[in-house]
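**Student:** Right, I'll just put the structure down here and ask away after.
Protein chains: 2
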Amino acid sequence: MTERAERRRRTERRILEAARKLFADLGFERTTIRAVAKAAEVDPALVMQYFGSKQDLFSEAVRVAPAPVAPGDTDELVEQLLGSLCMKMGELPQGSLAMMRSMLTHPEAAASARAVLSRQIHQIGESIPGDDARMRAALMTTIMLGVTVGHQLLELDELREVPQADIARVLRPALKAIASPRTE
Amino acid sequence: MTERAERRRRTERRILEAARKLFADLGFERTTIRAVAKAAEVDPALVMQYFGSKQDLFSEAVRVAPAPVAPGDTDELVEQLLGSLCMKMGELPQGSLAMMRSMLTHPEAAASARAVLSRQIHQIGESIPGDDARMRAALMTTIMLGVTVGHQLLELDELREVPQADIARVLRPALKAIASPRTE
DNA sequence: CATTTCGCTCAACGGACGTTGACTCAACGA
DNA sequence: TCGTTGAGTCAACGTCCGTTGAGCGAAATG
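If you read the sequences in order, they're chains D and B. Under our numbering, think of the first position of the first sequence as 438, with each following residue one higher. Under our numbering, think of the first position of the second sequence as 438, with each following residue one higher.
Right, here's the structure in full:
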């Protein structure tokens, strides 16, 4: 690896990380190329040169590998969801935060969010029994979404001041009630 | 009422409704004063003259009377939440949609959303037993938020293609499990 | 060492936006 | 009827932003 290529990759990475942080904190519209460039200690023109456009930079910043849902029984599935929630509470990747932050106001972020959520709904739907599994999977997914949004993006004190384990403990029976049909 | 005053109130109302619709559909940033003016068939300068600034117009557009939570036992509380969800599915007021649409990307909308949610959490927290009632109230609230966001703003097909009554039927035991402590 | 390559900067363009002040004209009050 | 008020318009200012093309200087290449 030549010195030039190495330097370039470092700079590119610095820009991308600055962009991820700003997109996650401010959303697409309020994040400016100039602010990203300043945070990365670089000229704004360089950001364009490396990533093409603001939209392309955003697409690259929100690209994130979706965590696969391992097949198993209902209880394992619920534990897996609660586990991903705990991970989210701690250090959800900036790319995911950036996608969620803009999903209500930026069309492309919305499309990306729908794709991620639909994928998760499909996977959960195939792991739980019942003919309305798809709808119940959608509810389980949006429930996790709501808790994550409230905790990570709205930063509600009522959730932040509580240990993650307590949240999981309260959420567990609720998710199981939805995952297993006809338990009323 | 003179003809002038009446005409003015009609115009002001037309502007406000156009603003609510655009804020609800596009969010704060993507909604322009010019677009609001065009939708209300009015000059952009008139919008400023009547509402002061874009921010003031937004504050006026998202101002909405919070539905009070009537005191009652746990079952009644859950039914009330599910009922408000069904109402939301049908015709949630544009002002509330506008607030939710921008709550992740606009600081003032975020503050407004936190206020509304905290109020609801407080009310629910006083209606359910247990020493961790506050945290469980917060989870119930964010759960409703997630389902509403998924249905109304992200417009997930998996939720839209299902009758509201079915959603309420599946959600009911989950909410009850959270509202009543130690039922595991 | 001479030449090319390329990471990076600088200055600027063009457009969109919020906002403003002067102006027009019909309704109002005396 | 005549002066006043106020609803509504018009043109423009200043700013911020995404984006571009020319240019500089150091590393790579022979």
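The beta-carbon is built from N, C-alpha and C at its ideal position, and this holds for glycine as well.
(1) How many angstroms separate the CA atom of residue 551(D) from the CA atom of residue 534(D)?
(2) Would you kindly work out how many angstroms separate the C-alpha atoms of residue 562(D) and residue 578(B), rounded to a whole number?
(3) If you reduce the DSSP assignment to three classes, tell me which class residue 546(B) lands in.
(4) Give a yes or no on contact between the stretch 479-490 of chain D and the stretch 451-458 of chain D, applying the rule of three or more CB pairs nearer than 8 Å.
(5) Using Cβ-Cβ distances below 9 Å, what residues of the stretch 452-475 of chain D are close to chain B?
(6) Just curious, the alpha helix (DSSP H) that residue 500(D) is in, first and last residue?
(7) Compare the Cα-Cα distances from residue 584(B) to each of 601(B), 553(B) and 556(B) and report the closest residue.
(8) Rounded to whole angstroms, how far is the Cβ of residue 542(B) from the Cβ of residue 539(D), which I believe are closer than 8 Å?
(9) Quick one, which of 482(D), 565(D), 478(D) and 580(D) has its alpha-carbon nearest residue 554(D)'s?
(10) By how many angstroms is the C-alpha of residue 558(B) removed from the C-alpha of residue 598(B)?
(11) On the criterion of 16 or more Cβ atoms from any shown chain inside 10 Å, does residue 531(D) qualify as buried, or is it exposed?
(12) Output, in chain order, the set of chain D residues within a Cβ distance shorter than 9 Å of residue 569(B).
(13) Can you tell which of 618(D), 549(D), 510(D) and 474(D) has its C-alpha closest to the C-alpha of residue 458(D)?
(14) Please list the terminal residues of the continuous alpha helix (DSSP H) segment that includes residue 580(D).
(15) With a 10 Å radius around its C-beta and 16 neighbouring C-beta atoms as the bar for buried, classify residue 507(D) as buried or exposed.
(16) What span of residues does the alpha helix (DSSP H) with residue 463(D) cover, start to end?
(17) Check whether the Cβ atoms of residue 460(B) and residue 448(B) lie closer than 7 Å to each other.
(18) With C-beta atoms as the reference, is residue 615(D) less than 7 Å away from residue 576(D)?
(19) Please say whether residue 609(B) and residue 607(D) have beta carbons closer to each other than 7 Å?
(20) I need the DSSP call for residue 608(D), collapsed to helix, strand or coil.
(21) Does residue 481(D) have its Cβ less than 7 Å from a Cβ in chain B?
(22) What in chain D is Cβ-close to residue 572(B), meaning under 9 Å?
(23) When you compare each of 480(D), 464(D), 444(D) and 483(D) to residue 498(D) by their alpha carbons, which one comes out closest?
(24) Just the Cα atoms here: how many angstroms apart are residue 620(B) and residue 444(D)?
(25) Please classify residue 520(B): is it buried, with 16 or more other beta-carbons within 10 angstroms of its beta-carbon, or exposed?
(26) Here's the rule I'm using: 16 or more other beta-carbon atoms within 10 Å means buried, otherwise exposed. How should residue 405(B) be labelled?
(27) Residue range of the alpha helix (DSSP H) that residue 508(B) falls in?
(28) Contact criterion: CB-CB distance below 7 Å. Does residue 520(B) meet it with respect to chain D?
(29) Look at the alpha carbon of residue 595(D) and the alpha carbon of residue 476(D), and state the distance between them as a whole number of angstroms.
(30) Is residue 482(B) helix, strand or coil by DSSP?
(31) How close, in whole Å, do the beta carbons of residue 501(D) and residue 537(D) come, if the pair is a contact with beta carbons under 8 Å?
(32) Can you give me the Cβ contacts of residue 472(B) inside the same chain, cut-off strictly under 7 Å, excluding the 5 residues immediately before and after it?
(33) Strictly below 8 Å CB to CB, what residues from chain B border residue 540(D)?
**Tutor:** By the coordinates alone:
(1) Residue 551(D) and residue 534(D): Cα-Cα distance of roughly 15 Å.
(2) Their Cα atoms are separated by approximately 24 Å.
(3) DSSP, reduced to helix, strand and coil, places residue 546(B) within a helical segment of the structure shown.
(4) Touching, yes, given that three or more Cβ pairs across the two stretches are closer than 8 Å.
(5) Taking a C-beta cut-off of 9 Å against chain B, the contacting residues of the stretch 452-475 of chain D are 463, 464, 465, 466 and 467, listed in chain order.
(6) In the DSSP assignment, residue 500(D) falls outside any alpha helix (DSSP H), carrying neither H nor E.
(7) In terms of Cα proximity to residue 584(B), the closest of 601(B), 553(B) and 556(B) is 601(B).
(8) Here residue 542(B) really is in contact with residue 539(D); their C-beta atoms are around 7 Å apart, less than 8 Å.
(9) Nearest of 482(D), 565(D), 478(D) and 580(D) to residue 554(D), Cα basis: 580(D).
(10) Each residue's alpha carbon lies about 30 Å from the other.
(11) Burial call: buried.
(12) Within chain D, the C-beta atoms nearer than 9 Å to that of residue 569(B) come from 599, 603 and 607, in chain order.
(13) Comparing Cα-Cα distances from residue 458(D) to each of 618(D), 549(D), 510(D) and 474(D), the minimum goes to 474(D).
(14) Counting along the chain, the alpha helix (DSSP H) containing residue 580(D) begins and ends at 570-585.
(15) Exposed.
(16) Unbroken alpha helix (DSSP H) run through residue 463(D): 440-467.
(17) The answer is no: Cβ separation not under 7 Å.
(18) Taking 7 Å as the Cβ cut-off, residue 615(D) and residue 576(D) qualify as a contacting pair.
(19) Taking 7 Å as the Cβ cut-off, residue 607(D) and residue 609(B) do not qualify as a contacting pair.
(20) DSSP places residue 608(D) in the helix class (H, G or I) of the three-state scheme.
(21) Cβ-Cβ to chain B under 7 Å: no for residue 481(D).
(22) Correct list: 595, 596, 598, 599, 603, 604 and 607.
(23) For residue 498(D), the closest C-alpha among the options 480(D), 464(D), 444(D) and 483(D) is that of 464(D).
(24) Residue confidence is low: residue 620(B) scores 48 on pLDDT, short of 50, so the model does not pin down where it sits. Its coordinate-derived value is still stated next. Approximately 59 Å between the Cα atoms of the pair.
(25) Looking at its Cβ environment, which holds fewer than 16 other Cβ atoms inside 10 Å, residue 520(B) is exposed.
(26) The question about residue 405(B) has no answer here: the residues shown for chain B are numbered 438 through 621.
(27) First-last for residue 508(B): undefined, no H or E at that position.
(28) Output row for residue 520(B): interface = no.
(29) Take the alpha-carbon of residue 595(D) and the one of residue 476(D): they are about 32 Å apart.
(30) In the displayed model, residue 482(B) falls within a helix according to three-state DSSP.
(31) The Cβ separation is near 11 Å, so there is no contact.
(32) The answer, listed in chain order, is 459.
(33) Near residue 540(D) (Cβ distances below 8 Å), the residues of chain B are 541 and 591.
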